[in-house]
Ligand code: F0G
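Residue numbers (my numbering): 1190 to 1659.
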């Protein structure tokens, strides 16, 4: 451990290297802090990296959401913002882009992903209905529960095992889903909630074979299938790399085929679309669209802006086209794989296979002496910040929250610390610095104790909870 014979990425893969399909036109200085400054900052933040000021952060891997660098084309598009209240030309550009690349008929823009989750949950779920999904996502499940739905995890078992090398750990277990249809009756299932590259499982993809079979199963029981398309471009890339028959198919073609098996999708444009704000909801059913188009007026804004400025819709329309280029997505996922390979070589316990948007460190194996109720993944994020000013986040017991029925902590099998890579923002040298800092924290692991939660907000507690070292 600690030893690493330098190899370029091309060498590692036994071929000539490829590089990012862009060059840097504008830079933003980074600030290094001292250990004493970081100790003060993390205490002030209650050992929660969400409560740090970004000015106190060196390399920010909190999230890939809204943190992308936009292209010169996108910035130029911002200048073409048509800031009309109704019928903005940029809305029609966005609509065309979603229709062209995702293939859905009707579009409702929203300010970000959770705005769309709110609308589909309100329109699609009746109180007491089940909402089966491939592992939960925090905001998605909360909106489903607030609409009266009962989320049920039907992902394959391998997804809960950080060491399983299954190539499509995001897949739905068709037997679990059919059992639920039979046990509860399909009329008591609101819809199937399918996510591309499952975030909480480590950015793990769903195969084309799985979504095809799902379509068939849902048709047999008359249940709708909606997609969380937030990181679907990354998912399409994994299909190209891993699934038989897709090796020479463009990512854009794979994306559109995948979406064609679903009835609609919601989107956080802040990820795949390479923008800092924006989202949408798109469906093929006119009646549902009418309902959604009406609801959006209540919560987000008129149906031709949904809480966005015209310029934001333009940047998103351009970002969609850029995001589906094979060169772009290979470099994006390739950078995540590069960091993952370094950590794998150094035998740091991380979720395998490495996913599309982030490295997930397995805090259970990193700190085997810290019980889950003492928040090992939360502590790991704090220790990484203390070591180097790198910001990551918890994806374990804190993120999982409490069971709405019993009020007890949910105890997910996965207790992870996520290092999320923003798109087109950091270089390979930053990835090296990150890997070295994780290695340093790993060397100190035996001296690290857990945390106690001293403040717990009611909703999505991981954002605002506060902790103290034990
Ligand atoms: N779905 C998935 C899979 C997400 O990862 C997110 C956000 C959302 C929906 C909600 O979208 O933030 O635009 O309202 N994920 C961010 C993250 C916050 O850090 O993983 P949003």
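Beta carbons: idealized from backbone N, C-alpha and C, even for Gly.
Check whether the region 1552-1567 and the region 1465-1483 are in contact - that is, three or more C-beta pairs closer than 8 Å. no
Could you tell me which of 1518, 1221 and 1244 sits nearest to residue 1611, measuring between CA atoms?
Working through the chain shown from its first residue, we reach residue 1611 at position 422. Checked all of 1518, 1221 and 1244; the closest Cα to residue 1611 is 1518.
Query - Close-in-space but distant-in-sequence residues of the same chain around residue 1210 (CB under 8 Å, 5 per side omitted) - result: One-based indexing of the chain shown puts residue 1210 at position 21. Cβ neighbours of residue 1210 beyond the five flanking positions: 1514, 1516, 1517 and 1520.
In the structure shown, what three-state DSSP assignment does residue 1598 receive? As a first step, residue 1598 must be located in the chain shown, where it is residue number 409. Three-state DSSP puts residue 1598 in a strand.
> Tell me which same chain residues have a C-beta within less than 6 Å of the C-beta of residue 1501, skipping the five on either side of it?
Replying inline: Along the chain shown, read from residue 1 onward, the residue named residue 1501 stands at position 312. Around residue 1501: 1466 and 1467.
Leaving out five residues before and five after residue 1269 in sequence, what residues of the same chain have Cβ atoms less than 7 Å from its Cβ?
To locate residue 1269, count along the chain shown from 1; it is residue 80. Result list for residue 1269: 1503, in chain order.
Practice item. Give me the Cβ distance between residue 1320 and residue 1311, rounded to the nearest whole Å; I'm assuming they're in contact under 8 Å. Key: Against the chain shown, residue 1320 aligns to sequence position 131. Against the chain shown, residue 1311 aligns to sequence position 122. At roughly 13 Å, the Cβ-Cβ gap does not stay under 8 Å, so residue 1320 and residue 1311 are not in contact.
**Asked** Relative to the ligand F0G, is the shortest distance from any of its heavy atoms to the C-beta of residue 1568 smaller than 8 Å?
**Response** By 1-based counting over the chain shown, the position of residue 1568 is 379. False, no ligand heavy atom lies under 8 Å from that Cβ.
Taking C-beta to C-beta, are residue 1456 and residue 1470 nearer than 9 Å?
Taking the chain shown and counting its residues from 1, one reaches residue 1456 at position 267. Taking the chain shown and counting its residues from 1, one reaches residue 1470 at position 281. Yes, the pair counts as a contact, with Cβ atoms nearer than the cut-off.
request  = Classify residue 1290 as helix, strand or coil using the three-state DSSP reduction.
outcome  = Within the chain shown, the letter at position 101 stands for residue 1290. Residue 1290: helix per DSSP, three-state reduction.
The alpha helix (DSSP H) enclosing residue 1497, as first and last residue numbers: For the purposes of this step, residue 1497 is taken as the residue at position 308 of the chain shown. No alpha helix (DSSP H) contains residue 1497, which DSSP labels as neither H nor E.
If you reduce the DSSP assignment to three classes, tell me which class residue 1414 lands in. Working through the chain shown from its first residue, we reach residue 1414 at position 225. Strand.
Q.
Do residue 1658 and residue 1494 have their beta-carbon atoms positioned less than 9 Å apart in this structure?
A. Against the chain shown, residue 1494 aligns to sequence position 305. Against the chain shown, residue 1658 aligns to sequence position 469. The answer is no: Cβ separation not under 9 Å.
Going by C-alpha to C-alpha distance, which of 1454, 1511 and 1577 sits closest to residue 1294?
The residue given as residue 1294 occupies position 105 in the chain shown. Measuring from the Cα of residue 1294, the nearest candidate turns out to be 1454.
Residue 1530 by DSSP, collapsed to three states: which one? On the chain shown, position 341 is the one that residue 1530 refers to. Here residue 1530 sits in helix by DSSP.
Alpha carbon to alpha carbon, how far is residue 1432 from residue 1305? Give it in angstroms, no decimals. For the purposes of this step, residue 1305 is identified with residue 116 of the chain shown, where counting begins at 1. For the purposes of this step, residue 1432 is identified with residue 243 of the chain shown, where counting begins at 1. The straight-line gap from Cα to Cα measures roughly 30 Å.
If I follow the unbroken alpha helix (DSSP H) through residue 1689, where does it start and stop? No answer is possible for residue 1689: it lies beyond the span of the chain, which begins at 1190 and ends at 1659.
| Can you tell which of 1250, 1202 and 1481 has the C-alpha that lies nearest to the C-alpha of residue 1627? | Counted from its first residue, the chain shown places residue 1627 at position 438. Among 1250, 1202 and 1481, the Cα nearest to that of residue 1627 is on 1250.
- Cβ-based burial, residue 1593 [other Cβ within 10 Å; buried from 16]: Position 404 of the chain shown, counted from the first residue, corresponds to residue 1593. Exposed.
Less than 8 Å separating the Cβ of residue 1388 from some heavy atom of the ligand F0G? As a first step, residue 1388 must be located in the chain shown, where it is residue number 199. Checking every heavy atom of the ligand F0G against the Cβ of residue 1388, one is found closer than 8 Å.
Excluding the 5 residues preceding and the 5 following residue 1203 in the sequence, name in chain order all residues of the same chain whose CB lies nearer than 6 Å to its CB. Translated into the one-based positions of the chain shown, residue 1203 becomes position 14. Here the set comprises nothing.
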